[in-house]
Structures are given as structure tokens and as C-alpha cells.
Amino acid sequence: MSSACLEHIRLIRESKSYTDSLYAVLTAAHIFNGPKYMLSGLSGMAFKFTVHEKLLPMSVTAYGQWGDEHWQAVNNLGVYTEWDGGRTRHPTFRYYQQDAVQAVKDSLDRGIGVIYWLPEFGVIYGYDDEDEVFYVQDGSSREGQIVLYHNFGLNSTPFWYCQVFGEHVHVARETMILESLRLAILDWETPYKTLPHTDIASGRMAYAFLRQGLEKGGFDEDGAVYILDNYLCARTEIRDYLQAVSGTWPELGQAFNLYDHLVCTVSGIKGCIKETAGLRRVDRRQVHELIAMLTAAESLEEQAISLFRAIAGKYPDLKRSTVPRWGTHSPR
Amino acid sequence: MGAVLLSELQMKAESRSYVDAMHGILAHGGWTTLAKPMLSGMSVTGFRFTVNRKLAADSSTVYNWMAENFLAADFLGITSSQQAGYSFDVTFPLYQKRAVSVIKRSIDHGMGAVFWKDGFVIAAGYDDERSELYYLDGSNDEHQIVPYADFGINRSPYWYYQVFDSRIELDELAVYKESCIQAIYKWETHDPMLPESHYACGRSAYDAIIHALRTGDYDRAGARQVFNDYAASKRDVQLYVDTLQGIWPQLSAAAACYTRLSQLFAEIVGITDSAEETASEAEWIRLVMDARQTEEQAIQSMESFMRETIDNRYNDIALR
């Protein structure tokens, strides 16, 4: 009977839950050092922006097939990773579940936390064989939640996900930055990242979905606030990231200026969310202001992405000029 | 710490595909007594039909290995672990080290492992003192050698491996039915990983072949290889659906179509290079058009057989 508890892991919710979790795990393991916006920028996570047509809360995490998206994010940091997940209703789930339980314990024994879908991503930071439980932080409290080995992977959504990390190699800073820009371009230009479904849009198209959703009015109240909060957080992260790396290429300095302007432009969004009866809600009287701000922001972001494209175009992109044997696929 | 070798392992390359390696490993490990055509159908691999628009020779292996080889095993109730990537990636050495260790562990447990060595091959042994892996490529019974340090270094920039971990009992009839649904999906759907400008899948693959033959804008040697590979797949599928019609007479029309399809592909492969290229091209076009029509009919029969399940899956028939 063994157990482990990585007390020094601290998940703080502020960005996308995956970014928060990744930051908690990698900083605790001394694999990544630096502020969260750097991790969010370098991994490309900050640039992910997806919106469901009804502005459902799931919009924020529906940025593609997690395995592929997260692999690219973590790979750009030079970190070895393995993930597992799928639909809990599939007959092979019980086997993969047991396999994953062991992999999580092995990782914790090596002193590295594990990312886990609760839903919203959280961090498994401990286990106890005697009680057959994992300890999971969700950012709400220090202790977080308990997940029984037997229930591992089972949650209110139809899918499960967990991800472990291993050794890492050094990646040149310029290489990481360049790849992060390419990931940003890809997310901006791809209209739908969860095909065959076309009710969730990404990047440029996500702006259209967000505006249309707000305009039509029949949107999910919690979802709208969550999307807007996260949107603001991500733009601030991008701005701070670009400021930090602006010396790498002159275009990045210009892109920083655009995002700085953008953050200013959308700062009024906070004022469009009002608290009534303890619930934060989009103030319906200010929907037109909201839409105007988002329209202006989209145009700024479009200009910034053009600058990214100008930088990316100067260097060969082996990864994207070679047809892969993995990546985008329809869930089956 | 001498050499470890699973000497009874065998592999026979036919469709030059994943199922050749998978069948070799599962049969050797005693995990299946089924013939390759049954595995080819149940795992859905035999129903895949993707071509490069210029009919490049590697067409039959250009697909999403991670997504589809996982599923191939999953459909059979076999659980697996796999990884893939570009060998030029900066993290490749980390993955290479891990891959060799996972493959060795599988061999220690008496199971070969699939990996990519300019084709899907079977890792059948290793020698730690010499730091070498031994593998079978299906062309003969000789073991080939790849040093650990060269694992994943191929003519193309891809590395890949898959080990089979465990198996669970599935209802055989449910597996057959699922394969019919997936066959329909494959016929109708473009693989989202592939740029449509360069690749075509399922029904559209036939159109792409016909277009290539008509315009003459294709790789002639490649085309022969593509036809050879898929002739083996269609042969597998013919035998598979023939078995299914023994269970469900409603599939007899589909089985008859696949029999004809398999014959047509045999004819396509049988056309030898003549002095006049245009003569053989005209013959190819005629046969491929016939094959397209025949497979369309086969899929239609399977669709009417599976109508209820298809309806229950709404807009995403492949999602189990």
C-alpha cells in the first residue's frame, strides 16, 4: 500500500483550466519557470478561442481534439507527454481506466502531477492506495476533490481525459515563439475545430458566433459570462506575452501594440456584465456596445495575425508542409 | 542479457498495410484464430480506400495512423498503446527512447509490436548488448535489424509504434455490425487529416483515379502499387462480407457485389504494360468505373441492412 501527496502543487484558476493545470504541474516539477502568460503564449493555449452558437459554457474548452491540441502545446515546450482519454461508454474503457490509474500513480511517484478532466481540467496531486482515492485540485480550494480509482474518468460529460509528463529537452526560445505564432494562425484561420460539428467556431469565426449569439439573445447566461471572462483573460495574456517576446522580431513589437490597443478597447466588456441577485449576467441593455467592442477587437486581432503570418512566412515550416499521420480526425 | 527473439512470429505482406502486421502479432500471441480477411473487415482497415490524386505508391498508408490504428484494435476489443511523430521534431529523442523500451517490454511478454519501418512491420526481438531491434517486414522470413539509435528514422519523416496490451470479450455480432457502419462512413467521408486537394477517400477515391487516368497526370508505377494494395484489401473484404452473409442473408446482395469488386480489381491488376499506354489506360478506366458502381451498390445494401442504427446516430454515423 503506497501513497503520495505533492503538497507544493497549487492550481489557481484564472486562465483556461488546461493552462492553469499545466502551469501548476510544470512549475511544481521545475520543468517550466516564468509567469503564466508566458506558458499560455508559448504553448499556443492563449490563442485558442472557440464559441458555441448558443454560447454554452463548454465553448471555452471546445478548442479541438484535446489529445492533438494539448500535444502540440506541450511539445512546443520540449516536454515529453502521454495522454489518454475517450468515451467512457466504449467497451474498452474499463481497461484503459485501470491502465491510466497506474500511469497516474507512477507519475505521482516520480513527483509530477497529472492533468485530469473533472470536467474543467484539474490536477491530480496525490493518491492513497488504502482508500483507493486520488486527490484532485480544481482551483476552488486547497484540498479540492476526491476521485475513487473505481470512478476514474467518469464524470458528467461523455468523455474522459488525463495527461502525464516526463523528461524534457531544451528548445531554442525563437523556435518556440515561432511555433506559437503558427499555432495562433492555425486557430485563427480554422473555422471549425471539432468537425463534423459546425455549431462551435474557432478564431475569426468565433467572433462571428459570439456576436450573433449575443444579438439573437437566446444564449446561455452562464456561458456568455464565462466566454467573455476567458476572452478578456486570454487577450491580456497575449498582450503580456507579446510584450515579453517583442524583441525577437520587429513585427512582434507592432503586434504587441495592436493587442495593447485591443485590451484597452475591450476593457469595457467588464462593465457590460452586471451582478444581479448574486449572479453575473450580461447586461442586455449594453449588448450593442458589447458587439461594437468585439467588432473593433476582431479587426485588431486580424491585423496582428497578419503580422504573425509575415514572420512565419520567412521560415520554412516542415511540420505544416508535411502531411502528418496523426492529428485532426472525427471522433469515432 | 542476450538476445530475445520471438522466433515463431510470422508476417506476410499482402495489402502492405497495418493489418498484415496486426494479424501476424495477434495470431502468434494466440489472441486470435481468425484469418486475416476477418481481421481486415472487423477492424475496418480493409474498407479504407484513400488515394493520392497522382496515385503515388504510398497511397494505402497515407491515413491517420494514430486515430485509425487505435480504432482497428478497439473494434476488436484489443487495447493498445501507441505514439507517432516526426523524426525531425526536437522532442523525438525522448519519444524514441520510450518507444524502444515499450516495444522491448511487449516482446518480453511474448507479443510482437507494430512499428513503422518504411511500411508497417513487426518488432520480433531485440539484443540489448548490440542495441538492436529485430523485425519482420513481411517480404520474407528473414529478420531485419534496426539499431535502437535508428528507431523511427525512415525514408519519410514519420515514426510510429503500437503495442497490444490486453483484450476484452466483445459480442461478435456487434463487432460485425459496427464494421458495416464504419464501412459506410469510410465510403462517404473524407479523412479530415488529408488536404482534399491532394487526396481522395472512399467513393471520391474512385473519381480521383478515373480523373488521373483520363488526364494522364499520375505516377504509373505508383498506380500499379496502389491497385495491388487495394486489390488485396478488396479480396479481404470479399471474404469477410461473404462470412457475414452466412449470418445475415440480408447481406447476400452486398456479398455478391464485393465478389464482383474483388474480381474487377484482380482484372485491374492483371492488365500488363503494353506498348501502347493508352490502351491499358482505357481498359483501366472501364474497370475502375465498373468497380465504383459495384462498390456503391455494396454500400447501399449495407446501408439498408443497418438502417436503424444509422438513423439512431443522427448526423454522425461513425460515432459509437
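Chains as they are written, first to last, in UniProt numbering: chain A, 1 to 332; chain B, 1 to 320. Backbone N, C-alpha and C define an ideal beta-carbon position, used for all residues, glycine too.
Check histidine 28 (chain B) in the structure and name its three-state DSSP category. Helix at histidine 28 (chain B).
Sub-8 Å separation of glycine 77 (chain B) and leucine 9 (chain B) beta-carbons:
No; because the gap between Cβ atoms is not below 8 Å, this pair is not in contact.
- Query: Does the segment 115 to 122 of chain B come close enough to the segment 148 to 160 of chain B to have 3 or more Cβ pairs within less than 8 Å?
  - Reply: Three or more beta-carbon pairs drawn from the segment 115 to 122 of chain B and the segment 148 to 160 of chain B are found closer than 8 Å, and the two stretches are therefore classed as touching.
C-alpha distance - alanine 297 (chain A) paired with valine 263 (chain A), whole-angstrom precision
The C-alpha of alanine 297 (chain A) lies about 8 Å from the C-alpha of valine 263 (chain A).
Is serine 2 (chain A) buried or exposed, if buried means 16 or more other CB atoms sit within 10 Å of its CB?
With fewer than 16 neighbouring CB atoms inside 10 Å of its own CB, serine 2 (chain A) falls in the exposed class.
* Determine whether the Cβ of tryptophan 249 (chain A) lies closer than 8 Å to any Cβ atom of chain B. => With its beta carbon at least 8 Å from every one in chain B, tryptophan 249 (chain A) lies outside the interface.
By the criterion of Cβ-Cβ separation under 7 Å, what are the contact partners of valine 25 (chain A) in chain B? Correct list: empty, because the minimum Cβ distance to chain B is about 17 Å.
Whether serine 59 (chain A) touches glycine 223 (chain A) by CB criterion (8 Å): Pairing serine 59 (chain A) with glycine 223 (chain A) gives a Cβ-Cβ distance under 8 Å.
*Does the Cβ of alanine 124 (chain B) have 16 or more other Cβ atoms within 10 Å, making it buried, or fewer, making it exposed?*
Alanine 124 (chain B) should be labelled buried.
Would you identify the three-state DSSP class for histidine 197 (chain A), choosing helix, strand or coil?
Three-state result, histidine 197 (chain A): coil.
Check your understanding: What are the boundary residues of the beta strand (DSSP E) that lysine 274 (chain A) is part of?
Key -> Note, lysine 274 (chain A): beta strand (DSSP E), 273 to 276.
For this session: Could you name the residues that DSSP lists as bridge partners for alanine 84 (chain B)?
Result: According to DSSP, alanine 84 (chain B) bridges with B:Tyr160.
inquiry  = So with CB distances below 8 Å, who are the chain B contacts of leucine 318 (chain A)?
reply    = Contacts between leucine 318 (chain A) and chain B, judged by CB atoms closer than 8 Å, involve Tyr86, Phe88, Pro157 in chain order.
Exercise. Is it right to say cysteine 5 (chain A) is buried, meaning 16 or more other beta carbons lie within 10 angstroms of its own, or is it exposed?
Worked result: Only exposed fits cysteine 5 (chain A), as fewer than 16 other CB atoms lie within 10 angstroms of its CB.
Go to tryptophan 187 (chain B), then tell me how far its alpha helix (DSSP H) extends in each direction, as first and last residue. Taken as a continuous stretch (DSSP letters only), the alpha helix (DSSP H) holding tryptophan 187 (chain B) covers 172 to 188.
- prompt: Is arginine 332 (chain A) close to chain B, meaning its C-beta is less than 8 Å from at least one C-beta of that chain?
  reply: So yes, arginine 332 (chain A) belongs to the interface.
Between leucine 290 (chain A) and chain B, is any beta-carbon pair separated by less than 8 Å? So no, leucine 290 (chain A) is outside the interface.
message = Would you call the segment 7 to 19 of chain A in contact with the segment 36 to 44 of chain A, where contact means no fewer than 3 C-beta pairs closer than 8 Å?
response = Because the criterion of three Cβ pairs below 8 Å is met, the segment 7 to 19 of chain A and the segment 36 to 44 of chain A touch.
Report task. Mind the definition here: the segment 76 to 86 of chain A touches the segment 165 to 176 of chain A only if three or more C-beta pairs lie below 8 Å; say whether that holds. Result -> Three or more beta-carbon pairs separated by less than 8 Å link the segment 76 to 86 of chain A to the segment 165 to 176 of chain A, which places the two stretches in contact.
- Message: Looking at the strands, I want to know which residues DSSP matches up with arginine 281 (chain A).
- Response: Answer is A:Lys274, bridged to arginine 281 (chain A).
Exercise for the section: Just list the beta strand (DSSP E) runs in the segment 8 to 80 of chain A, keeping only unbroken ones of 3 residues or longer that don't cross its boundaries, in chain order. Expected result: Entirely contained in the segment 8 to 80 of chain A, the beta strand (DSSP E) runs reaching 3 residues are, in chain order, 50 to 52.
Exercise for the section: Return the residue from the list A:Leu183, A:Ile269, A:Gln72 that minimises the CA-CA distance to isoleucine 291 (chain A). Expected result: When each option's Cα is compared against that of isoleucine 291 (chain A), the closest is A:Ile269.
Practice prompt. With a 10 Å radius around its C-beta and 16 neighbouring C-beta atoms as the bar for buried, classify threonine 45 (chain B) as buried or exposed.
Written response: So threonine 45 (chain B) ends up on the buried side.
Review point. Thinking C-alpha only, which one of B:Arg307, B:Asp108, B:Ser139, B:Gly222 is nearest aspartate 127 (chain B)?
Key: For aspartate 127 (chain B), the nearest C-alpha among the options comes from B:Asp108.
| Within chain B, partners of asparagine 75 (chain A) - CB distance below 9 Å | Gly85, Asp89, Val90, Thr91, listed in chain order.
Notebook entry, point to check: Residues in the segment 159 to 172 of chain A with C-beta within 9 Å of chain B's C-beta atoms, listed in sequence order?
Noted result: Within the segment 159 to 172 of chain A, the residues whose Cβ lies closer than 9 Å to some Cβ of chain B are Gly166, Glu167, His168, Val169, His170, Val171, Ala172, listed in chain order.
Identify every run of the alpha helix (DSSP H) within the segment 228 to 258 of chain A, keeping only runs that are complete inside it and at least 4 residues long; order them along the chain. Runs of the alpha helix (DSSP H) inside the segment 228 to 258 of chain A: none found.
_Can you tell me whether histidine 147 (chain B) is helix, strand or coil according to DSSP?_
Note on residue identity: the sequence assigns proline, not histidine, to residue 147 (chain B). Proline 147 (chain B) carries a strand assignment under DSSP once its states are collapsed to helix, strand and coil.
### Task
Verify whether the separation of the beta carbon atoms of valine 245 (chain A) and isoleucine 177 (chain A) is less than 8 Å.
With contacts defined by Cβ atoms closer than 8 Å, valine 245 (chain A) and isoleucine 177 (chain A) form a contacting pair.
Practice task
Mind checking the segment 160 to 178 of chain B against chain A and listing, in chain order, the residues whose C-beta falls within less than 8 Å of any C-beta there?
Solution key: Shown in chain order are the members of the segment 160 to 178 of chain B whose Cβ falls below 8 Å from a Cβ of chain A: Tyr160, Asp165, Ser166, Ile168, Leu170.
Taking the beta carbon of isoleucine 145 (chain B) as the centre, do at least 16 other beta carbons fall within 10 Å, making it buried, or is it exposed? In the assembly as shown, isoleucine 145 (chain B) is an exposed residue. Its beta-carbon has fewer than 16 other beta-carbons within 10 Å.
Note to self: Below 9 Å on C-beta distance, what does proline 195 (chain B) contact in chain A?
What the structure shows: Near proline 195 (chain B) (Cβ distances below 9 Å), the residues of chain A are Val323.
Exposed or buried, what is lysine 234 (chain B) when buried is set at 16 or more other beta-carbons lying within 10 Å of its beta-carbon?
-> Flag for lysine 234 (chain B) reads buried.
Worksheet item: Using Cβ-Cβ distances below 7 Å, what residues of the segment 17 to 36 of chain B are close to chain A?
Response: For the segment 17 to 36 of chain B, which is checked against every Cβ of chain A, not one residue is closer than 7 Å.
- request: Report yes or no: is there a C-beta of chain A within less than 8 Å of the C-beta of valine 226 (chain B)?
  value: Not an interface residue.
For histidine 168 (chain A), which three-state DSSP category applies? Correct three-state label for histidine 168 (chain A): strand.
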